[in-house]
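Student: Structure in structure tokens, see below.
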Amino acid sequence: MSKNKPTTQELGKVRPRADRLLAWSALTGMAVFAVVFAKERLYADGAYFLIQVIKTEGFHVINGRWLIPMIQWLPLMGVHLELSMETLITLFSVANVAMAALLYVFSAQVLRDRDAGLVLVSTQFVGVTHALFCPIFEFYYGAMLLVLFVAVQRNTLIAPHTRMALLAVLFVLVASSHFVGLLVMLFVLVVGRIWLDRPLTITLSVLLTVLLAHRLVFLSTYESDAFEHVFWRLENWGVPWIFAPGRLLGHMEHVLFHYPDTLALGALAAVVMVRAKDLHGLFLYLGGLFAMYVLISLYYPDATHERYREILDYSPTAWTLLVILMRVIHRPGARPWVLGLLAVTLVLRLAWSTHVGRTYNERTAWMEGRIADARSLKIRRAVVLDQKTFRPPGHRVRPLEPLSLNEVLLLSACQGPDQVVVLVPIKGEQLRPDLTSWLDAQFATYGTELPTDPKGRYFHMVKNEFVVLPERVDGSLLHPGVDHLQAVQPEAEDVLR
Numbered sequence: 020m021s022k023n024k025p026t027t028q029e030l031g032k033v034r035p036r037a038d039r040l041l042a043w044s045a046l047t048g049m050a051v052f053a054v055v056f057a058k059e060r061l062y063a064d065g066a067y068f069l070i071q072v073i074k075t076e077g078f079h080v081i082n083g084r085w086l087i088p089m090i091q092w093l094p095l096m097g098v099h100l101e102l103s104m105e106t107l108i109t110l111f112s113v114a115n116v117a118m119a120a121l122l123y124v125f126s127a128q129v130l131r132d133r134d135a136g137l138v139l140v141s142t143q144f145v146g147v148t149h150a151l152f153c154p155i156f157e158f159y160y161g162a163m164l165l166v167l168f169v170a171v172q173r174n175t176l177i178a179p180h181t182r183m184a185l186l187a188v189l190f191v192l193v194a195s196s197h198f199v200g201l202l203v204m205l206f207v208l209v210v211g212r213i214w215l216d217r218p219l220t221i222t223l224s225v226l227l228t229v230l231l232a233h234r235l236v237f238l239s240t241y242e243s244d245a246f247e248h249v250f251w252r253l254e255n256w257g258v259p260w261i262f263a264p265g266r267l268l269g270h271m272e273h274v275l276f277h278y279p280d281t282l283a284l285g286a287l288a289a290v291v292m293v294r295a296k297d298l299h300g301l302f303l304y305l306g307g308l309f310a311m312y313v314l315i316s317l318y319y320p321d322a323t324h325e326r327y328r329e330i331l332d333y334s335p336t337a338w339t340l341l342v343i344l345m346r347v348i349h350r351p352g353a354r355p356w357v358l359g360l361l362a363v364t365l366v367l368r369l370a371w372s373t374h375v376g377r378t379y380n381e382r383t384a385w386m387e388g389r390i391a392d393a394r395s396l397k398i399r400r401a402v403v404l405d406q407k408t409f410r411p412p413g414h415r416v417r418p419l420e421p422l423s424l425n426e427v428l429l430l431s432a433c434q435g436p437d438q439v440v441v442l443v444p445i446k447g448e449q450l451r452p453d454l455t456s457w458l459d460a461q462f463a464t465y466g467t468e469l470p471t472d473p474k475g476r477y478f479h480m481v482k483n484e485f486v487v488l489p490e491r492v493d494g495s496l497l498h499p500g501v502d503h504l505q506a507v508q509p510e511a512e513d514v515l516r
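What follows is the structure, given as structure tokens:
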């Protein structure tokens, strides 16, 4: 044997070392990103969930998605320790990294499944950029638990009863996380040939029946609307339009620009399975992608790239990583390619997300500027008419939401509970003489669950009348110090007439 050729024992040491290096590099990079962009990661639903945790001083679960407390415990601890608002925002931002780190240690060290640990961490950076700025999508965490499910299922070190209990809990959390979570879970069970384990098959079948019955009885308006959209398009448009050449080319273009990492990993998985003559695995993988493409297209056909588009497209990414874990990474010669692609993906995704993050940062700075404008005029509740456009870089990317009521509330509370400002974005034609009562009614109608306590720990809320926050022109406030609502009310009445 050549002196330069490593022995099998040496390779066994190098490979786990490479796995650990990549996994901890990813966790470190994501932690730094989470701290640097903590305020920016309040985007969209993120701010809403943090406000509810702070307001109720407890976990906030909606739509029966019971895994969400797993990323709420850090900020909740901060609330009970009475830490500052800025600290709570940072804890909320790093919560997903903390969860990933804990699950990685459990998988790699306790279960001794380093492959699962590496794939588990990879679910947090492969195929996502804009979703990183709203780290509240339930299947983002359900994917990690699904990887852990695979690791527990194939583990022989755990006692049978403990193994069964773990699998049952993981199944419930993943299946209830989102409909796509249930879909991917079912594909994983088929790939893992769940029927060979009769007790587990019976247990999961009973749990699935209970979950589906519960979901049908307590179906939320959001979920009901989603199913209605799918069935309406299926009934009125059918399925063939999904496979129109122009649409397929458009989706391929979208994948090339926004998910090259998922595409490369999927191509690698397909090549490895073909070379290994694992046609059954390849068929299941492609069949899963096909089913996801059909369902996602029926639900959300818009191909403009933005946060929600990325969240829906995350299921094929998670499915690809799970197939790599179950059918690819252990094949001869496949491991170095998987590690190499994941390493390149980590670097490029962090770099691109940081670049895109500048736009989110500009948006946050603009909102903080509007908060400062309100304070300078001693305004606590106002509507904002000027909506600046923030368009992130990238191919066919939709502009960001210019201003968020929930984000403004949290950002303003960073200066203390007495400095809280409520800013509501509306259009000029929505102005009306009864603006305050109309807005309060809108909040009640659409479930805007703002804090109400005038002496809350983090929010001292007021019931002042809403006024129009003066616009900025060339960096200066327009008509500062004037009750701008009174100035525009006659025009608003004309619009209403």
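In case it helps, the working numbering puts the sequence shown at residues 20 to 516.
Cβ atoms here follow ideal geometry from the backbone N, Cα and C, with glycine treated the same way.
This one's a predicted model, so the numbers in the text were calculated from it and none came from an experiment.
Which residue spans inside the segment 303-357 form an unbroken beta strand (DSSP E) run of at least 3?
Tutor: Complete beta strand (DSSP E) runs here, min 3: none at all.
Student: Where does Ala57 sit, in a helix, a strand or coil, going by DSSP?
Tutor: On the sequence shown, position 38 is the one that residue 57 refers to. Three-state result, Ala57: coil.
Student: Only counting the same chain, and skipping five residues up and downstream in sequence, which positions put a Cβ closer than 7 angstroms to that of Met386?
Tutor: By 1-based counting over the sequence shown, the position of residue 386 is 367. Hits under 7 angstroms: Leu422, Glu426, Val427, Leu430.
Student: Does the count of Cβ pairs from the segment 414-421 and the segment 320-340 closer than 8 angstroms reach three?
Tutor: Flag = yes, the segment 414-421 and the segment 320-340 touch.
Student: Taking Cβ positions, are Pro444 and Val486 nearer each other than 7 angstroms?
Tutor: Locating residue 444 in the sequence shown gives position 425, counting from the first residue. Locating residue 486 in the sequence shown gives position 467, counting from the first residue. Cβ atoms of Pro444 and Val486: not closer than 7 angstroms.
Student: Can you say whether Ala353 is buried or exposed, counting buried as having 16 or more other CB atoms within 10 angstroms of its CB?
Tutor: The count along the sequence shown starts at 1 and reaches residue 353 at position 334. Ala353 should be labelled buried.
Student: So, with DSSP's three-state summary, where would you put Leu429?
Tutor: Position 410 of the sequence shown, counting from 1, holds the residue named residue 429. Helix at Leu429.
Student: Identify, in the order they occur along the chain, each residue of the same chain with its Cβ nearer than 8 angstroms to the Cβ of Val191, setting aside the five sequence neighbours on each side.
Tutor: The residue given as residue 191 occupies position 172 in the sequence shown. These residues qualify, in order along the chain: Trp85, Leu226, Leu230.
Student: Which word fits Ala286, buried or exposed, when buried means at least 16 other C-beta atoms lie within 10 angstroms of its C-beta?
Tutor: The residue labelled residue 286 in the question sits at position 267 within the sequence shown. Result: exposed.
Student: Starting from Val258, follow the alpha helix (DSSP H) in both directions and report where the run begins and ends.
Tutor: Taking the first residue of the sequence shown as 1, we reach residue 258 at position 239. Here Val258 belongs to no alpha helix (DSSP H), and DSSP marks it neither H nor E.
Student: Would you call the segment 250-261 in contact with the segment 330-342, where contact means no fewer than 3 C-beta pairs closer than 8 angstroms?
Tutor: No: fewer than three Cβ pairs fall under 8 angstroms.
Student: Which residue spans inside the segment 373-454 form an unbroken beta strand (DSSP E) run of at least 3?
Tutor: Segments of the beta strand (DSSP E) lying fully in the segment 373-454: 400-403, 441-444.
Student: Just mark Pro499 as buried or exposed, buried being the case when its beta carbon has 16 or more other beta carbons within 10 Å.
Tutor: Mapped onto the sequence shown, residue 499 falls at position 480. Its pLDDT being 46, under 50, Pro499 is placed unreliably by the model, and nothing is read from it.
Student: Relative to the C-alpha of Leu167, which candidate in Ala178, Val138, Ser195, Leu284 has its C-alpha closest?
Tutor: Taking the sequence shown and counting its residues from 1, the one referred to as residue 167 is at position 148. Checked all of Ala178, Val138, Ser195, Leu284; the closest Cα to Leu167 is Val138.
Student: Taking all protein chains shown into account, decide if Thr26 is buried (16 or more other Cβ within 10 angstroms of its Cβ) or exposed.
Tutor: The sequence position of residue 26 within the sequence shown is 7, counting from 1. Confidence at Thr26 is low in this model, with a pLDDT of 40, below 50, so its placement is unreliable and no value can be given for it.
Student: Do you know how far the Cα of Gly65 is from the Cα of Pro154?
Tutor: If you number the sequence shown from 1, residue 154 lands on position 135. If you number the sequence shown from 1, residue 65 lands on position 46. Answer to the nearest angstrom: the Cα atoms are 7 angstroms apart.
Student: May I ask you to report which of helix, strand or coil DSSP gives Arg39?
Tutor: Position 20 of the sequence shown, counting from 1, holds the residue named residue 39. It is helical.
Student: Assign Val487 to one of three DSSP states: helix, strand, or coil.
Tutor: Position 468 of the sequence shown, counting from 1, holds the residue named residue 487. DSSP places Val487 in strand when its eight states are reduced to three.
Student: Given that a residue counts as buried once 16 or more other Cβ atoms are within 10 Å of its Cβ, and exposed if not, what is Glu59?
Tutor: Residue mapping note: residue 59 aligns to position 40 of the sequence shown, counting from 1. That one is buried.
Student: Reducing DSSP to helix, strand and coil, say where Glu555 ends up.
Tutor: No information on residue 555 is available, as it lies outside the stretch 20 to 516 that the chain covers here.
Student: Using the Cα positions of Ala162 and Met204, report the straight-line distance between them to the nearest angstrom.
Tutor: Taking the sequence shown and counting its residues from 1, one reaches residue 162 at position 143. Taking the sequence shown and counting its residues from 1, one reaches residue 204 at position 185. When rounded, the distance between both Cα atoms is 9 angstroms.
Student: Taking a contact to mean a Cβ-Cβ separation below 7 angstroms, would you say Gln143 touches Ala178 in this structure?
Tutor: Working through the sequence shown from its first residue, we reach residue 143 at position 124. Working through the sequence shown from its first residue, we reach residue 178 at position 159. Result no, Cβ atoms of Gln143 and Ala178 do not sit closer than 7 angstroms.
Student: Let me confirm a value: Tyr278 is counted as buried when at least 16 other C-beta atoms fall within 10 Å, else exposed. Which label applies?
Tutor: Mapped onto the sequence shown, residue 278 falls at position 259. Buried.
Student: Here's the rule I'm using: 16 or more other beta-carbon atoms within 10 Å means buried, otherwise exposed. How should Phe237 be labelled?
Tutor: For the purposes of this step, residue 237 is taken as residue 218 along the sequence shown, with counting starting at 1. It counts as exposed.
Student: What does the alpha-carbon distance come out to for the pair Ala50 and Asp38?
Tutor: For the purposes of this step, residue 50 is identified with residue 31 of the sequence shown, where counting begins at 1. For the purposes of this step, residue 38 is identified with residue 19 of the sequence shown, where counting begins at 1. Roughly 18 angstroms between the two C-alpha positions.
Student: If I measure Cβ to Cβ from Val116 and keep anything under 7 angstroms in the same chain, skipping five residues before and after, which residues do I get?
Tutor: Walking along the sequence shown from the start, residue 116 turns up at place 97. Here the set comprises Leu46, Met49, Ala50, Ala53.
Student: If we count Cβ pairs, one from each stretch, closer than 8 angstroms, do we get three or more for the segment 454-466 versus the segment 125-141?
Tutor: The segment 454-466 vs the segment 125-141: no contact.
Student: Within the continuous alpha helix (DSSP H) that includes Lys74, where are the two ends?
Tutor: Within the sequence shown, numbered from 1, the residue matching residue 74 stands at position 55. Its alpha helix (DSSP H) spans residues 64-75.
Student: For Ala370, count the other beta carbons within 10 Å of its own beta carbon; 16 or more makes it buried, fewer makes it exposed. Which is it?
Tutor: Here residue 370 corresponds to residue number 351 of the sequence shown, with the count starting at 1. Ala370 is exposed by the Cβ-count criterion.
Student: To which residues of the same chain is Leu151 closer than 6 angstroms at the C-beta, ignoring the five residues directly before and after it?
Tutor: What you label residue 151 is simply residue 132 of the sequence shown in a count that begins at 1. Once the five neighbours on either side are set aside, the close Cβ partners of Leu151 are Ser372.
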